[in-house]
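Peer 1: FYI, UniProt numbering numbers position 76 of the sequence shown as 76, with every residue one higher than the one before it.
All C-beta atoms, glycine included, are put in the ideal place defined by N, C-alpha and C.
Note that the structure is predicted; figures quoted are calculated from it, not measured.
First, the structure itself, so that you have it in front of you.
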Amino acid sequence: MSIKYIATSKLPTPWGVFDMHGFEETATGKEHVALTFGQIDSNQAILGRIHSECLTGDALFSLRCDCGFQLQSAMQSIAEKGQGFLLYLRQEGRGIGLLNKIRAYELQDAGANTVEANVRLGFEADMRKYDMIAPMLKQIGVEKVNLMTNNPRKVMAMQDVGIEVVERIPLQVGKNRYNESYLKTKSTELGHMMSEHHFNDE
Ligand SMILES: Nc1nc2c(ncn2[C@@H]2O[C@H](COP(=O)(O)OP(=O)(O)OP(=O)(O)O)[C@@H](O)[C@H]2O)c(=O)[nH]1
Ligand SMILES: [Zn+2]
């Protein structure tokens, strides 16, 4: 994929000051962000996260999913480590977009699970593409990663574009009474690797 690096600025956060790098997909004009913390050493495996946009969870405090909690936890871990990256990819709703996600939530309110809702709307369970990752990581100097995720598809997607995932670090945070069945569906139907205690401890 052709993606253009645009500019870099500081991004002060509650956990520390990140550098924010802006990108634009040439074909679609879609905008993505890479955050880095500290000095990136290309010879080392770098702690990082690939995070897909979730306006409701990341910005509007939704408890329907775990996205906002994962975002905060990842940024905190990166800042504590003193070195790391986070790619914030604008593929809302696993690639179906915000309004279709709200349609899917409407179906879920009526009893469908997250995968059934997507399928009823005529979408696959997960429509995300990860081909912007390689040029974005190249720009910020990351070649090997310790990836914070529970999603095996992300690990495979990284390897497919030639990025070595040295370690997968589980990121199980934010379980609550509103997202319990969402998390279960991730584990049973989307292949996410979740330990059982995630479902049992209140
Ligand atoms: N279609 C749809 N998308 C959802 C729903 N709930 C959350 N999402 C989207 O799911 C995506 C979650 O992305 P991530 O947190 O990066 O990744 P993940 O696949 O859950 O894997 P992890 O790295 O383990 O968190 C975001 O794009 C959310 O907007 C839902 O019920 N339906
Ligand atoms: Zn979410």
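Any heavy atom of ligand 1 closer than 7 Å to the beta-carbon of GLY93?
Peer 2: yes
Peer 1: Let me have the residue list for ligand 2: C-beta closer than 5 Å to any non-hydrogen atom, ordered along the chain.
Peer 2: CYS54, GLY57, CYS65, CYS67
Peer 1: Residues in its own chain within less than 7 Å of THR26 by CB, not counting five upstream and five downstream?
Peer 2: SER2, ILE3, LYS4
Peer 1: MET132 and VAL145: beta carbons closer than 8 Å?
Peer 2: no
Peer 1: Nearest CA to the CA of GLU53: which residue from GLY68, ASN43, LEU47, ASN118?
Peer 2: GLY68
Peer 1: Between ASP201 and PRO152, what straight-line distance do the alpha-carbon atoms span, to the nearest angstrom?
Peer 2: Residue placement at ASP201 is flagged as unreliable, the pLDDT there being 43, under the threshold of 50; the coordinate-derived value follows with that caveat. Straight-line Cα distance between these residues: approximately 24 Å.
Peer 1: Straight-line CA distance for PHE199 to MET193?
Peer 2: Annotation note: pLDDT 48 at PHE199 (below 50); position unreliable, coordinate value reported separately. Cα-Cα distance, rounded: 12 Å.
Peer 1: Going along the chain, which residues of its own chain have a beta-carbon closer than 7 Å to the beta-carbon of GLY162, five neighbours each way excluded?
Peer 2: ALA134
Peer 1: With DSSP as the reference, identify every bridge partner of ARG49, one or two as the case may be.
Peer 2: LEU86
Peer 1: Compare the Cα-Cα distances from LYS10 to each of GLU31, GLU24, PHE23, THR36 and report the closest residue.
Peer 2: When each option's Cα is compared against that of LYS10, the closest is THR36.
Peer 1: Please classify GLY122 as buried or exposed, where buried requires at least 16 other C-beta atoms within 10 Å of its C-beta.
Peer 2: exposed
Peer 1: Give me the Cα-Cα distance between THR149 and GLU24, rounded to the nearest whole angstrom.
Peer 2: 25 Å
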